[in-house]
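Participant: Counting from 550, one number per residue, gives the positions in the sequence shown under our numbering. No residue lacks a Cβ here, since even glycine has one placed at the ideal position from N, Cα and C.
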Amino acid sequence: MTDASLGTSSTPSAVPPAPGPAPTPPVATAAPAVATPSHALPANQLFDQLARIEDKCSRIEDKYARSEALLSRVEDKVENASNRMNEAARQSDLAALRTEMRGLAERTRRLPSTGALVLTAVITAILTVVLLVAVQRLNLDRLLPQRAAIGTTVQ
């Protein structure tokens, strides 16, 4: 990934990109008459290589810091969005609950009141007494089937 692909950031936590590696000055060394081993490098080259490695590490750290800042901003935005979605879901749940409660209130309003139930019970009791008295006065109780005597079997 290049520095340009990350984009610029206006947040103060963003670290400016590190300058490119400084060009190494040409090293003018005279060719020694004695051959040195191929794996031994002069101290100047080692220091230059170490400086380039440190510079590269610095740029990698800067990129990592910018990526970390970007990820933390994305995480904050996702958290805020999820909070808003939870709040919207909670509001829709409350609206559904209000609708359900309105429907329940409408059904209970249509039920008969306590007074109507007591009046119905009193009227039922009075009519039962009146009908029993009428049955006894008109001698209609003989129309009812007789009960079998206890202990006897009907054949």
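Evaluate R615 with the Cβ neighbour count: other Cβ atoms within 10 Å of its Cβ, from every protein chain shown; 16 or more gives buried, anything less gives exposed.
Facilitator: Stepping through the sequence shown from its first residue, residue 615 is reached at position 66. So R615 counts as buried.
Participant: Can you give the Cα-Cα distance for E655 and N688, rounded to whole angstroms?
Facilitator: Taking the sequence shown and counting its residues from 1, the one referred to as residue 655 is at position 106. Taking the sequence shown and counting its residues from 1, the one referred to as residue 688 is at position 139. One C-alpha to the other measures close to 50 Å.
Participant: So, helix, strand or coil for V576, using DSSP?
Facilitator: Position 27 of the sequence shown, counting from 1, holds the residue named residue 576. Model confidence at V576 stands at a pLDDT of 47, short of 50, so the residue's coordinates are unreliable; what they give is reported in the following sentence. Of the three classes helix, strand and coil, the one that applies to V576 here is coil, per DSSP.
Participant: Look up R656 in the DSSP assignment and say whether it is helix, strand or coil.
Facilitator: Mapped onto the sequence shown, residue 656 falls at position 107. Helix.
Participant: D690 and V682: beta carbons closer than 7 Å?
Facilitator: One-based indexing of the sequence shown puts residue 690 at position 141. One-based indexing of the sequence shown puts residue 682 at position 133. No. Outside cutoff.
Participant: Under the three-state reduction of DSSP, which class applies to N688: helix, strand or coil?
Facilitator: By one-based count along the sequence shown, residue 688 stands at place 139. The DSSP-derived three-state label of N688 is coil.
Participant: Where does L681 fall in DSSP's three states?
Facilitator: To locate residue 681, count along the sequence shown from 1; it is residue 132. L681: helix per DSSP, three-state reduction.
Participant: Return helix, strand or coil for S621, following the three-state DSSP convention.
Facilitator: On the sequence shown, residue 621 is found 72 positions in, with the first residue counted as 1. Three-state result, S621: helix.
Participant: What does the alpha-carbon distance come out to for the pair V583 and E610?
Facilitator: Residue numbering aside, residue 583 sits at position 34 when the sequence shown is read from its first letter. Residue numbering aside, residue 610 sits at position 61 when the sequence shown is read from its first letter. No answer about V583 holds up, because its pLDDT of 45 lies below 50 and its placement is not dependable.
Participant: When DSSP labels each residue in this structure, what does L666 get in the three-state scheme?
Facilitator: Along the sequence shown, one-based indexing puts residue 666 at 117. The answer is helix: DSSP assigns L666 an H, G or I state.
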